[in-house]
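Taking it in order: structure first as structure tokens, then the write-up.
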Amino acid sequence: MASTEGLQAYEEDNLLLSLPKEKGWAARHLYLFQGFWCPSNFIEGVIKFQNHFLAKDSDVIVASFPKSGTTWLKALTFAIINRQRFSSSHNHPLLTSNSHELVPFLDFIFHADNIHDKLSHLSNMTEPRVFGTHIPFPSLSQSIKESNCKIVYICRNPFDTFVSFWIFANKINPHSLHQLQIEEALENYCKGTIGFGPTWEHMLGYWKESIATPNKVLFLKYEELKENANFYVKRVAEFLDCPFTEEEESNGVIESIINLCSFEKMKNLEINKAGTFDRNYGKKYLFRKGEVGDWVNYFSPAMIEKLSKTVEEKLGGSGLSFKTSP
Ligand code: A3P
1 MASTEGLQAY EEDNLLLSLP KEKGWAARHL YLFQGFWCPS NFIEGVIKFQ
51 NHFLAKDSDV IVASFPKSGT TWLKALTFAI INRQRFSSSH NHPLLTSNSH
101 ELVPFLDFIF HADNIHDKLS HLSNMTEPRV FGTHIPFPSL SQSIKESNCK
151 IVYICRNPFD TFVSFWIFAN KINPHSLHQL QIEEALENYC KGTIGFGPTW
201 EHMLGYWKES IATPNKVLFL KYEELKENAN FYVKRVAEFL DCPFTEEEES
251 NGVIESIINL CSFEKMKNLE INKAGTFDRN YGKKYLFRKG EVGDWVNYFS
301 PAMIEKLSKT VEEKLGGSGL SFKTSP
């Protein structure tokens, strides 16, 4: 008789064989799973998450397309929610742990782990629990959709997201045979074959949900957060039902959260200069430039035309638009 692990591996192989497959970026291949493109080693974690994760009403989910400001929004959300527990900016957990360690990805949390140990660990976590995810809205677990937990989503203009993704993919896998030239990467990005893509559908899924259920999903843009962090930090706190008091505002609590989570502060922390997170990616690669409009240094006129056309085709009429320069 086949062992449970053997059976599971067999079922996973069969599932993979049945899925459409394309060349990946850092990963060798991407598979079209539930309407989004995913490296093979993520699929198991996503299925386990969908089958086992039980959301609590007090949970907060930080959702994003990769390279849209996830690390930043995880830090801000963690700092906003836990501001009473960790009021001193001298011994704040964000000074000794990367935000991905404090706000784990649901997408990988069950990967290769004993489900029962993981579930008991999750149910014992201090509340409110804060998690991250890159999974598109339709593929979130039913319990997230049906509970009263809240989702804060961040997205970014496709030009900067693409450049950030392309550089990150090449850095985390410098010796890979699967590195793509920027033109080929853009072709794939426009086609949608990128981890968790198509980007447009990812954004539109959360965008539509934020319009239909504004108390459930808050939709943020990287460029707006950069331009007016004070306003959006307050907005996130209100959305999460923990608004800043007048006293907190006059004591500079909002500013100290913004400073604690700023690009310069986070990039220069010793804990973010070395070591790895999640799937062994170097933490230092999470912090590159943190600017709006850096894409102009990488795009040829033909690439600008290609991506502009695609954005118009995919997002035109949705009401979703972006600032692409500072
Ligand atoms: P760049 O590659 O354009 O510099 P993610 O966290 O979703 O992986 O997104 C990574 C992008 O966010 C990178 O963009 C990174 O530099 C930027 N970033 C990381 N931390 C940031 C912060 N605290 N403030 C602003 N941008 C940040």
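Numbering follows the UniProt record's numbering, in which position 75 of the sequence shown is assigned residue number 75; successive positions increment by one, without gaps. Beta carbons: idealized from backbone N, C-alpha and C, even for Gly.
Practice task
Could you work out which residue in 67, 83, 99 is closest to residue 157 when comparing CA atoms only?
Solution key: 67
Exercise for the section: Hey, could you find the ends of the alpha helix (DSSP H) residue 79 is sitting in? Expected result: 70-81
Problem - Exposure label - residue 2; buried when at least 16 CB within 10 Å - result: Low local confidence applies: a pLDDT of 48 at residue 2 is under 50, so the model's placement there is unreliable, with the coordinate-based value given in what follows. With fewer than 16 other Cβ atoms within 10 Å, it is exposed.
Exercise for the section: Could you tell me whether any non-hydrogen atom of ligand 1 is closer than 7 Å to the CB of residue 266? Expected result: yes
Problem - Simplified DSSP state of residue 1, which is helix, strand or coil - result: No answer about residue 1 holds up, because its pLDDT of 44 lies below 50 and its placement is not dependable.
Practice task
State the DSSP-derived secondary structure class of residue 61, mapped to helix, strand or coil.
Solution key: strand
Problem - Residues that residue 221 bridges to, as DSSP identifies them - result: 155
Handout entry: Rounded straight-line distance, which links the Cα of residue 70 to that of residue 297
Key = 23 Å
Practice task
Pull up the CB-CB distance for residue 75 and residue 266, whole angstroms please, since I reckon it's below 8 Å.
Solution key: 7 Å
Practice task
Could you tell me whether the Cβ of residue 51 comes closer than 8 Å to any Cβ of chain C?
Solution key: The displayed structure is made up of one protein chain only, and chain C is not part of it.
Handout entry: Straight-line Cα distance separating residue 159 from residue 294
Key = 9 Å
Handout entry: Sequence-distant residues of its chain with Cβ nearer than 8 Å to residue 105 (five each side left out)
Key = 131, 132, 133, 134, 278
Exercise for the section: Could you have a look at residue 327 and say whether DSSP puts it in helix, strand or coil? Expected result: This structure gives no information on residue 327, because the portion of the chain shown stretches from 1 to 326.
Handout entry: Backbone CA spacing between residue 269 and residue 184 [nearest angstrom]
Key = 35 Å
Practice task
Under the assumption that residue 253 contacts residue 244 (Cβ atoms under 8 Å), give the Cβ distance between them as a whole number of angstroms.
Solution key: 6 Å
Exercise for the section: Return yes when at least one heavy atom of ligand 1 lies under 7 Å from the C-beta of residue 288, else no. Expected result: yes
Exercise for the section: Answer yes or no: the CB of residue 171 versus the heavy atoms of ligand 1, is any distance below 7 Å? Expected result: no
Exercise for the section: Run the proximity test for residue 164: is its beta-carbon closer than 7 Å to any non-hydrogen atom belonging to ligand 1? Expected result: yes
Practice task
Leaving out five residues on either side along the sequence, give the residues of the same chain with a beta carbon under 6 Å from the beta carbon of residue 32.
Solution key: 19, 20
Problem - Same chain, Cβ closer than 6 Å to residue 197, neighbours up to 5 away in sequence not counted - result: 37
Practice task
Helix, strand or coil for residue 130, going by three-state DSSP, please let me know.
Solution key: strand
Exercise for the section: Count the other CB atoms, across all protein chains shown, that sit within 10 Å of the CB of residue 314; report buried if there are 16 or more and exposed otherwise. Expected result: buried
Exercise for the section: Leaving aside the five residues before and after residue 162 along the sequence, list all residues of the same chain whose C-beta is less than 6 Å from its C-beta, in chain order. Expected result: 189
Handout entry: Boundaries (first-last residue) of the beta strand (DSSP E) holding residue 110
Key = Unbroken run through residue 110: none, as it is neither H nor E.
Handout entry: For residue 33, the residue or residues it bridges with in DSSP
Key = 36
Exercise for the section: Assign residue 309 to buried or exposed, taking buried as 16 or more other Cβ atoms, counted over all protein chains shown, within 10 Å of its Cβ. Expected result: exposed
Practice task
Report the rounded CA-to-CA distance for residue 218 versus residue 187, giving the unit in angstroms.
Solution key: 30 Å
Practice task
Please confirm whether residue 95 and residue 261 have their CB atoms less than 8 Å apart.
Solution key: no
Practice task
Assign residue 151 to one of two classes, buried (16 or more other C-beta atoms within 10 Å of its C-beta) or exposed (fewer than that).
Solution key: buried
Exercise for the section: Would you tell me roughly how many angstroms separate the C-alpha atoms of residue 92 and residue 272, rounded to the nearest one? Expected result: 15 Å
Problem - Cβ pair residue 170, residue 179 closer than 8 Å - result: yes
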